[in-house]
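Visitor: As given, the protein sequences belong to chains A and B, one line each in that order. Going by this note's numbering, the first sequence opens with residue 322, and the numbers climb by one from there. Going by this note's numbering, the second sequence opens with residue 70, and the numbers climb by one from there. Glycine residues also receive a C-beta, built at the ideal position from the N, C-alpha and C atoms. Note that this is a predicted model, so its numbers are computed, not measured. Please see the structure below; I have some questions.
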Amino acid sequence: MQNVINFFIDIGKLKNKKRRGWLLHQIEKSESTASHIFRMAILTWMLGRKKRFNLQRALKMALIHDICEIFTRDETPYDPLLPKRIDSPQSQKTAKKILEKWPKFSLSQKKRKIILKQKRERLALEKLISKLPCNLKEEIRNLWIDFEKGLSREARFTKQIDKAENLLQGLEYWEKYGRIQRDLWIRWAREIFDIPVLIEFEQAIEKKFVQKKTKRKGEIDEILNFLIKIGKLKEIMRKGAILIKAKNPETIAEHSFRVAIMSWVLAEEKRTKLNFEKILKMGLIHDICEVYTGDITLYDKILPKDEKEWPELFDKWPRFSRREKRKIVQKKQKQEKKALRKLIANLPKDLKEEVKDLQAEYQELSSKEARFVKQVNRIETLLQALEYGRESKRPPYKSWWIGTAEKVDDPLLIKFMAELEKKFCKRGEPS
Amino acid sequence: MSDQKYYLTKEGLKKIKREYKKLLKLRQLKSKREVPPVLHSEELNTEFISYRDDLDFLDSRIAELENILKNYEFIKPPPRKERDKIHLGAQVQVEVDGQIDEFTIVGTLEANPSLGKISNESPVGKALMNRKVGEEVVISSPVRVIYKIKKIMY
C-alpha cells in the first residue's frame with residue numbers, strides 16, 4: 322500500500338505543474354497539467370459516448386496520458402527553436418517572435434523528435450509505475466503505449482481530444498489575455514482533426530470564438546458551452562486550502578482529477594465488482610456544481626472574524642445538533658440542485674439525464690460506487706491536507722483525521738488511512 | 070455478488086423496497102417500448118445509447134437492490150437489559166473536544182455522516198459499539214480524540 326500512496330503523491334505533483342505552452346505565452350495564472358486532464362477526460366466522455374468503443378478504456382487513457390510529466394518536462398513544438406533560458410528582455414523578445422509562427426520541421430526532424438520524446442517519457446513512466454502492483458503497472462503501461470502510438474480506436478480518439486481541449490483552452494486565453502496567435506491555432510486545428518465528431522467540435526469552437534455566432538445551437542455547441550462553464554473549476558480554489566492558507570492551494574479541477582485516478586486505482590485494489598466507468602465519471606463530476614455554488618464548508622457559518630482564532634477552530638471538527646445538521650445538508654442540497662439544473666440545462670438529453678443520475682446517486686449515496694467514491698473523496702482531501710502540512714512544516718489540523726475517521730467505513734480505505742499515518746506521522750504525533 | 074450482511078433500519082428497508090418496486094415497474098415499461106434503431110447514418114444513434122444506458126443503469130441497480138434484499142438483517146432495538154450499551158440503531162450523545170454531538174449508529178448502506186448517521190464499520194462507529202454511558206472512547210490514530218458517552222437512546 323505504501324507504493325500506491327507514493328504513486329498518488331507523485332500524481333498529485335501534476336496539480337502544481339503549470340503547462341509549459343502557457344508559460345511561454347506568459348499567461349498569468351495558467352492551468353496545471355492536472356486541470357487540463359480533468360476537462361479532457363470529461364470531453365472524452367461527452368464526445369466519445371456515441372462511439373462504438375470502450376469508453377472506460379478511453380477515460381483511463383485520458384487520465385494517464387500526461388503522467389510522465391511528473392518526471393520529464395512538458396514539451397511544446399517550439400522547444401527546439403527557443404533560447405535555452407527566457408529570462409532576459411532580449412530572450413523574451415526572441416521567444417515572442419518564434420511564437421508568432423507555427424514551427425515547421427522536416428519529416429526526418431519530426432521523426433527524430435518523436436523518438437527522443439517517447440524515449441524520455443517511457444523512462445519517466447517506468448520510474449513512476451515501477452513499484453505499483455503488477456496488474457496496475459501493466460494496465461497503465463499498456464494504456465500509455467497505446468495512446469502514444471495511437472494503436473487502438475480509443476487511443477486515436479483520445480489523442481485528438483487532448484488537442485481539442487488544448488485548442489479550447491488556447492482560445493479561452495486568447496479571449497482573456499490576447500497573447501495567443503488565434504488564427505495560427507485554428508489553422509493547426511484544421512490540419513490535425515480527422516474524426517467527424519472532433520471536426521464538428523473544432524467548428525463549434527470557431528463559431529464561438531471567431532465568428533461569435535450564438536444563435537441556432539446544436540448538440541456540439543451545447544457540449545462546448547458546458548465545457549467552458551466547467552473550465553471555471555480550473556480556477557476556483559478549494560475553500561479548505563484557502564482557509565488554512567496553503568502555499569499552493571489546489572483547484573476543484575485538480576482535486577477532482579486525483580479523486581478520479583485514486584478511485585480507479587483503489588477500486589482495482591479492492592477486488593470487488595464495481596462499475597469502473599461509473600466510478601471514473603463520478604470522480605470527475607462530483608464537485609461540478611461548485612461552478613456556481615463555490616466550495617461550501619462546514620466552517621463557513623462559524624468562522625470568527627478574527628483570523629487569529631481560526632487555527633483553534635480548525636483543530637476541532639465542527640459539531641452541530643441533529644436538527645442543525647439536517648438544516649445544513651438540506652440547504653447545501655438545495656443550492657447544489659439549483660446549480661446543477663443551470664449547469665446542465667442545455668446538454669443533450671441523454672447526457673443531461675446521465676449527469677443528473679450520477680449526481681443524485683453520489684449525493685444520496687445510493688449505490689456501492691457512490692459510497693466508494695465519496696469516501697475516496699474524503700481520503701484524497703486528507704492526503705492533500707497531509708501534503709500541505711509537510712510543505713509548510715506544520716502539523717495538519719486534527720480535524721482532518723477526526724472527520725475522516727467518522728466518515729470512512731470501507732475496510733480498504735481504513736487500511737489506507739493507517740498506511741497514511743505510517744507515512745506522514747512520527748510515532749505518537751501527527752506530522 | 071458477495072453475501073455480505075446489510076444492516077437496515079425499518080425506514081431504510083422501506084426505502085429500498087420502495088425503490089426496488091419502482092425500478093421493476095420502470096424496467097417493465099422500458100422493455101415494452103419500441104427499441105430505437107442502433108445506427109443513425111455512420112454513427113451510433115444517441116437515442117439507442119440513451120436507451121441502452123438507461124437499461125444498463127436500471128439492471129445494475131436492480132441487481133444491487135436484490136442482493137441487499139437477499140442479505141439484509143433488520144436492526145432491532147436490543148433486549149431491555151442490553152439497552153445501556155451502544156448497539157446498531159442507537160442514538161448516541163457524545164462530548165468531543167468540549168462540544169456536544171449526536172450520532173445514530175447505522176449500517177453502511179444508511180450511513181450519512183453529514184446527517185450524523187455513522188457507520189458501525191467506521192473507526193469511530195466500531196469503537197463506540199458495546200460501550201456504556203460515562204465511558205470514554207479513545208480514538209488515537211494518529212491524533213488522540215476522546216468521545217465521552219453522555220446518553221444512549223433507542
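Can you find at least 3 beta carbon pairs, one from the stretch 529–543 of chain A and one from the stretch 589–603 of chain A, that sit closer than 8 Å?
Guide: Here the stretch 529–543 of chain A does not lie against the stretch 589–603 of chain A, with fewer than 3 beta-carbon pairs under 8 Å apart.
Visitor: Between A:N327, A:L344, A:K350, which lies nearest to P570 (chain A) when the distance is taken from Cα to Cα?
Guide: A:K350
Visitor: Does the stretch 82–96 of chain B touch the stretch 128–145 of chain B, meaning 3 or more C-beta pairs lie closer than 8 Å?
Guide: Output reads yes: the stretch 82–96 of chain B touches the stretch 128–145 of chain B.
Visitor: Pick helix, strand or coil for L77 (chain B), following the three-state DSSP scheme.
Guide: strand
Visitor: Is A159 (chain B) near Y223 (chain B), with beta carbons less than 8 Å apart?
Guide: In this structure, Y223 (chain B) lies closer than 8 Å to A159 (chain B) by Cβ.
Visitor: Over the uninterrupted alpha helix (DSSP H) stretch that includes K659 (chain A), give me the two end residues.
Guide: 643–665
Visitor: I want to verify the contact list: residues of chain A whose CB lies under 8 Å from the CB of I208 (chain B), in sequence order.
Guide: I723, A726
Visitor: In three-state terms, what does DSSP make of K637 (chain A)?
Guide: coil
Visitor: Can you tell me which of A:D616, A:L403, A:K648, A:S429 puts its alpha carbon nearest to the alpha carbon of K417 (chain A)?
Guide: A:L403
Visitor: Would you call the stretch 207–223 of chain B and the stretch 644–658 of chain A in contact, with 3 or more CB pairs under 8 Å?
Guide: no
Visitor: Note down, in chain order, every chain A residue with its Cβ under 9 Å from the Cβ of A180 (chain B).
Guide: By Cβ distance, chain A contributes L686, R692, K728, D730.
Visitor: Does DSSP put N181 (chain B) in a helix, a strand or coil?
Guide: strand
Visitor: Closest Cβ-Cβ distance between V214 (chain B) and chain A: below 8 Å?
Guide: yes
Visitor: Please state whether the Cβ-Cβ distance between I582 (chain A) and L703 (chain A) is less than 8 Å.
Guide: no
Visitor: Locate the beta strand (DSSP E) running through Y141 (chain B), then write down its first and last residues.
Guide: 141–143
Visitor: Can you look up S713 (chain A) in the DSSP assignment and give me helix, strand or coil?
Guide: helix
Visitor: Span of the beta strand (DSSP E) holding Y216 (chain B)?
Guide: 214–222
Visitor: List the whole-angstrom C-beta distance separating I526 (chain A) from L505 (chain A), where the pair is believed to meet the contact cut-off of C-beta under 8 Å.
Guide: That pair is no contact at about 14 Å.
Visitor: May I ask you to report which of helix, strand or coil DSSP gives Q323 (chain A)?
Guide: Q323 (chain A): helix per DSSP, three-state reduction.
Visitor: Rounded to whole angstroms, what's the CA-CA distance from V163 (chain B) to S713 (chain A)? Just pull it up for me.
Guide: 33 Å
Visitor: Between V580 (chain A) and E657 (chain A), how many whole angstroms is the CB-CB distance? I'm expecting something under 8 Å.
Guide: So it is not a contact: roughly 17 Å between Cβ atoms.
Visitor: Give a yes or no on whether 8 Å exceeds the smallest Cβ distance from S642 (chain A) to chain B.
Guide: yes
Visitor: Give the residues of chain A in contact with L184 (chain B), contact being defined as C-beta atoms less than 7 Å apart.
Guide: K646, R647, V650, listed in chain order.
Visitor: Would you tell me roughly how many angstroms separate the C-alpha atoms of L464 (chain A) and K372 (chain A), rounded to the nearest one?
Guide: 18 Å
Visitor: Residues of chain D with a CB under 8 Å from the CB of S100 (chain B): which are they?
Guide: Note that chain D does not occur in the displayed structure, where the protein chains are A and B.
Visitor: In three-state terms, what does DSSP make of I208 (chain B)?
Guide: In this structure, I208 (chain B) counts as strand in the three-state DSSP scheme.
Visitor: List the DSSP bridge partners of D170 (chain B).
Guide: B:V163
Visitor: Does D621 (chain A) pass the burial test, meaning 16 or more other C-beta atoms within 10 Å, or should it be called exposed?
Guide: exposed
Visitor: Determine the chain A residues that contact R130 (chain B) at a beta-carbon separation under 7 Å, and present them in chain order.
Guide: S688
Visitor: Going along chain B in order, which residues have a C-beta closer than 8 Å to the C-beta of D678 (chain A)?
Guide: F126
Visitor: If contact is defined by three or more beta carbon pairs under 8 Å, each pair taking one atom from either stretch, is the stretch 563–577 of chain A in contact with the stretch 346–360 of chain A?
Guide: yes
Visitor: Would you check if the distance between the CB atom of A706 (chain A) and the CB atom of P717 (chain A) is smaller than 8 Å?
Guide: yes
Visitor: Which residues in chain A sit within 9 Å of G194 (chain B), going by Cβ to Cβ distance?
Guide: E727, D730
Visitor: Quick one: is Q187 (chain B) near chain A, going by C-beta distance under 8 Å?
Guide: First, the residue type needs correcting, since residue 187 (chain B) is Ile and not Gln in the sequence shown. Nearest CB-CB separation between I187 (chain B) and chain A: below the 8 Å threshold.
Visitor: Hey, K201 (chain B) and D153 (chain B) are a contact pair by Cβ (cut 8 Å); roughly how many whole angstroms apart?
Guide: 5 Å
Visitor: At what residues does the beta strand (DSSP E) containing I187 (chain B) begin and finish?
Guide: 186–188
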